[in-house]
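In the numbering used here, each residue carries its 1-based index in the sequence shown increased by 291.
Ideal placement from N, C-alpha and C gives every residue a C-beta, glycine not left out.
Remember, predicted model here, so these are calculated numbers, not experimental data.
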Amino acid sequence: MPQPDSPSTLALSTDARSWWRTGVVYQVYPRSFQDTNGDGVGDLFGITARLDHLVALGVDAVWISPFYRSPMKDFGYDVSDYCDVDPVFGTLADFDTLLAAAHGKGLRVIVDWVPNHSSDQHPWFQASRSSRTDPRRDWYVWRDGRPDGSPPNNWLAVFGGPSWTFDPATSQYYLHSFLPEQPDLNWRNPHLRRAMLDTLRFWLERGVDGFRIDVAHVLMKDPELRDNPPASQGRAAFHKDMGAYGSQVHVHDRNHPDVHGVYREIRALLDSYSAAQPRTSVGEIHLFDLADWASFYGKDLDELHLPFNFSLLKVPWDAAAVRRAVDEIEAAVPPGAWPNWVLGNHDEPRIATRIGPAAARAAMLLLLTLRGTPTLYYGDELGMEDVPIPEALVQDPFGKRVPGRGLGRDPERTPMQWDAGPNAGFTDPGVTPWLPLAADAASRNVAVQQTRPESILALTGRLLAARRARPALHRGDYRPLGGAPAGVFSFYRSQGGERLLVLVNFRPAAVEVALPAGARSVVVSTHPAAALPAAGAPLLLRPDEAMVVELSAG
Ligand code: NOJ
Ligand code: CA
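As C-alpha cells, then:
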C-alpha cells in the first residue's frame with residue numbers, strides 16, 4: 292500500500308495541487324447509477340463501467356455517496372463498518388478497481404465519510420450498549436433520563452421524534468441526531484477520535500483524493516446538554532420546512548466551537564498525505580449564518596478546503612435574490628479561501644423540477660460559471676426531474692417518518708437514464724429497480740441527448756469544455772455588473788488578460804441588455820445560434836437564456 296508522501300515528491304504544479312479549486316465534482320448516488328448484477332441496485336462495478344460518461348462530460352472528480360457496510364436504514368448513511376464495502380455494492384477489490392480506473396482516466400475520487408453517527412449495528416455500538424462499564428460505553432453519548440423518566444433534554448432528531456432513545460438493557464438514553472438506528476459518536480472521547488481518524492487513514496492509504504464529510508457541523512454538541520430554545524416565528528434557519536425540527540433554534544445540539552479542533556486535526560492528517568497527491572475535504576455544513584458557515588474554512592484556512600455552500604438551494608429563481616446570495620457568499624469567504632456551489636444533491640428536490648426545465652439550463656450555466664468549485668448532481672446534466680413515488684414504493688426513512696411535507700428524498704434518487712432500452716440501461720431487462728424510473732426515461736437519456744446539440748447534456752459538455760479552457764472561468768475573479776435590467780443577473784469573470792461577461796435571464800420573457808464596450812463573441816449560450824448584435828446595439832436575451840460573452844482585454 293502507498294505510504295504517506297515523502298518531501299521528495301513535492302514537485303506538483305500549482306494547477307495539480309489545487310484541482311479541488313479549478314475542477315468540477317460530479318456526485319454519484321451509487322444505488323442509482325448503474326446496476327451490473329441484476330439486483331436492481333447500482334454498484335461499484337457499475338460506476339467503473341460508466342466512468343467514460345464522466346470523462347466525455349468533462350468533469351474532474353467524482354464524489355460517491357456511501358458504499359460502506361450498512362443495514363441501509365438510511366441507505367448507507369448508517370455505517371456498520373467504515374473500512375469495508377457493503378456486499379450490495381461489491382467488495383474492497385471492486386473499490387480498488389474503480390479507483391485505479393478513475394485515476395487512469397484522470398478523474399479524482401472523493402468518498403463520503405459519516406463521522407457524526409454510526410449504525411446501531413456497528414460493533415462499537417454493540418459493545419457500547421452492552422454495559423455501562425464497557426470500554427466503548429463512552430464512544431457514544433449515554434445519559435440518564437430526567438427524574439420523571441423523560442429524555443435528558445428537549446433535543447429533536449432531524450428525521451422526527453426526540454433525539455434520545457431509551458435502551459432498557461442499561462436503563463439509559465443514547466443520543467441520535469438522525470434515526471434511532473444512527474447513534475451519535477462521542478467525539479469528545481479521545482479513543483473514538485483516534486479510531487475515526489484511523490478510518491480516514493485507511494481510505495487515504497488506498498489512494499482516495501478526498502472526503503465529503505457528512506453533517507460536518509453536528510459532530511460536537513454542548514457538553515452540558517442544555518435545552519435548545521424555541522425558534523421565534525419567521526426565523527429562517529433552514530432552507531426548507533423541516534417539520535417539528537424547525538421549531539427549535541439548534542444552538543446546543545450541533546456546531547459547538549470545539550468542532551473546529553476536530554477539523555484542524557483532520558486537515559493536518561490530509562495535509563500529511565498530500566505532498567504527491569493533494570487530498571481535499573468537502574464538509575456538509577447546513578448553517579445559513581454565513582459567518583458560522585465560513586468559520587469551517589478555519590481561522591488560518593486550516594480546516595475544511597470547501598464547506599459546502601447551500602445558499603442556492605434556499606433562494607428562489609429570481610435575479611435579484613440570486614445575485615444577493617452570490618454577493619453574500621463572495622463577501623463571507625475569507626481571504627485566500629475558495630467558494631463552491633451546488634444546485635442539488637441526494638437530499639434536495641431536483642433543480643429542473645424546482646425551477647422548470649428551461650430555467651434549469653440557465654441554472655447549469657450559472658453553476659458552471661460562478662467563481663468557485665461546482666458540484667453537479669448525477670442526472671442534472673440530462674435535466675432529470677423528481678419522480679413521483681407511489682406510497683407503497685417509498686423507501687426513504689425521512690419521507691416515512693415525517694410524512695405529508697414533501698421531505699421524502701426518493702424522487703431525486705431515481706435510476707440514471709442511460710438509453711432508450713429496457714430499464715433505461717440502468718439494470719437488466721425484467722428487473723425491478725429499487726426506485727422506479729422516470730416516465731420520460733425513453734426520451735430523456737444519455738444516448739438520445741448525446742446526438743442532439745440542443746440537449747442540456749450537450750450544453751453541459753460545452754460549458755465544462757469552456758470552463759476547462761478558460762482560466763477566467765476556472766480560477767478568475769468575480770465582479771457583479773451594476774445596472775442590468777430587472778430579471779437579469781450579470782457578472783464579469785477575469786484572469787490575466789482574459790475577460791468574460793456572464794448574462795443570465797431569470798425570466799421566461801425576452802429582455803434587451805446593453806453590452807459593455809469590447810464584447811467580441813459568444814463563448815457559449817443556453818440557446819442555439821446565439822450571436823452578438825452589431826457594435827453599440829443592445830443584445831436581445833431570449834426567454835430563460837444565459838450566455839457567456841468574451842470581451843476584449845480590458
Ligand atoms: C446528510 C446526508 O446527505 C443525508 O442523506 C443523510 O440522511 C444525513 N446526513 C444523515 O447521515
Ligand atoms: Ca447491483
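Spatial distance of S299 from G674 (CA atoms):
Since pLDDT at S299 reaches only 36, below the 50 mark, its modelled position is unreliable, and no value is offered.
Output needed for D377: all residues of its chain with C-beta closer than 8 Å, excluding positions within five of it in sequence on either side, in chain order.
F358, Y359, R360, S361, M363, G367
My output table needs one value for N480: the three-state DSSP class, helix, strand or coil.
coil
Can you give me the C-alpha to C-alpha distance between D256 and D513, rounded to a whole angstrom?
Summary: the structure shown does not reach residue 256, with the chain confined to residues 292 through 845, and so no result is reported for it.
Looking only at its chain, what residues have a beta carbon closer than 7 Å to the beta carbon of W415, apart from the 5 residues adjacent to it on each side?
The answer, listed in chain order, is S409, R427, W430.
Kindly indicate which three-state DSSP category R790 falls into: helix, strand or coil?
strand
Short of 6 Å in beta carbon distance, which residues of its chain neighbour R732, apart from the five on each side in sequence? Order them along the chain.
In the sequence under discussion, the amino acid at residue 732 is Ala, which differs from the Arg named in the question. Counting only Cβ-Cβ distances below 6 Å, and skipping sequence neighbours, we find Q708, A715.
DSSP on I504, reduced to helix/strand/coil?
strand
Counting C-beta neighbours from all protein chains within 10 Å, is the total for L658 16 or more, i.e. buried, or is it exposed?
Looking at its Cβ environment, which holds 16 or more other Cβ atoms inside 10 Å, L658 is buried.
Buried or exposed (CB count within 10 angstroms, at least 16 for buried), P625:
Exposure of P625 is indicated by the presence of fewer than 16 other C-beta atoms within 10 angstroms of its C-beta.
Can you tell me whether V506 sits near ligand 1, meaning its C-beta is under 7 Å from at least one heavy atom of the ligand?
yes
Roughly how many angstroms lie between the CA atoms of A535 and G451, to the nearest whole one?
Distance between the alpha carbons of A535 and G451 is about 7 Å.
Counting beta carbon pairs with one atom in the region 481-494 and one in the region 395-408, are three or more of them shorter than 8 Å?
Yes, the region 395-408 touches the region 481-494.
To the nearest angstrom, how far is the alpha carbon of L830 from that of L794?
As the crow flies, the alpha-carbon of L830 is around 10 Å from that of L794.
Beta-bridge pairing of G796 - partner residues as DSSP gives them
One point to set straight first is that residue 796 is Asn, not Gly, in the sequence displayed. Answer is V779.
Applying the criterion that 16 or more other CB atoms from any shown protein chain within 10 Å of the CB defines a buried residue, is D306 buried or exposed?
Under this definition D306 is an exposed residue.
With 16 as the cutoff for other CB atoms within 10 Å, does D365 come out buried or exposed?
buried
Residues near D710 by beta carbon distance below 7 Å, same chain, minus five either side:
G716, N736, V737, A738
When the Cα atoms are used, what is the spatial distance from P776 to Q568?
46 Å
Return the Cβ separation of S468 and A448 in integer angstroms, given the expectation that the two are a contact with Cβ distance under 8 Å.
About 6 Å separates the beta carbons of S468 and A448, which is inside the 8 Å limit, making them a contact pair.
Could you tell me whether the region 720-727 touches the region 773-793, where touching means 3 or more Cβ pairs closer than 8 Å?
Cβ pair count under 8 Å is below three, so no.
Quick check: the region 335-352 against the region 460-478, are at least 3 beta-carbon pairs closer than 8 Å?
no
According to DSSP, L466 sits in a beta bridge with which residue or residues?
W455
Assuming V814 contacts L791 under a Cβ cut-off of 8 Å, what Cβ separation, rounded to an integer in Å, is found between them?
7 Å
According to DSSP, which residues form a beta bridge with D536?
Note that residue 536 is Tyr in the sequence shown, not Asp. Its beta-bridge partners do not exist; DSSP assigns none.
Buried or exposed by the 16-neighbour rule on C-beta atoms within 10 Å, applied to G574:
buried
Would you say R652 and T817 are within 8 Å of each other, going by their C-beta atoms?
yes
Backbone CA spacing between G331 and L684 [nearest angstrom]:
Looking at the two C-alpha atoms, the distance is approximately 14 Å.
From which residue to which residue does the alpha helix (DSSP H) around W311 run?
310-313
For H413, is the beta carbon positioned less than 7 Å from some heavy atom of ligand 1?
Ligand 1 has no heavy atom closer than 7 Å to the beta-carbon of H413.
So which of V316, N600, S563, L561 has the shortest CA-CA distance to L578?
It is N600 whose Cα lies nearest to the Cα of L578.
Return helix, strand or coil for T305, following the three-state DSSP convention.
helix
Just to confirm before moving on: does the CB-CB distance between N256 and V550 stay below 8 Å?
Since the first and last residues shown for the chain are 292 and 845, residue 256 lies out of range.
Could you check where the alpha helix (DSSP H) with P569 kicks off and where it finishes?
Run containing P569: none; DSSP gives neither H nor E here.
Taking 7 Å as the line, does the beta carbon of V722 fall inside it for any heavy atom of ligand 2?
no
When a residue counts only if its C-beta is closer than 5 Å to some heavy atom of ligand 2, which residues count, in chain order?
Taken from the N-terminal end onward, the list reads D326, N328, D330, V332, D334.
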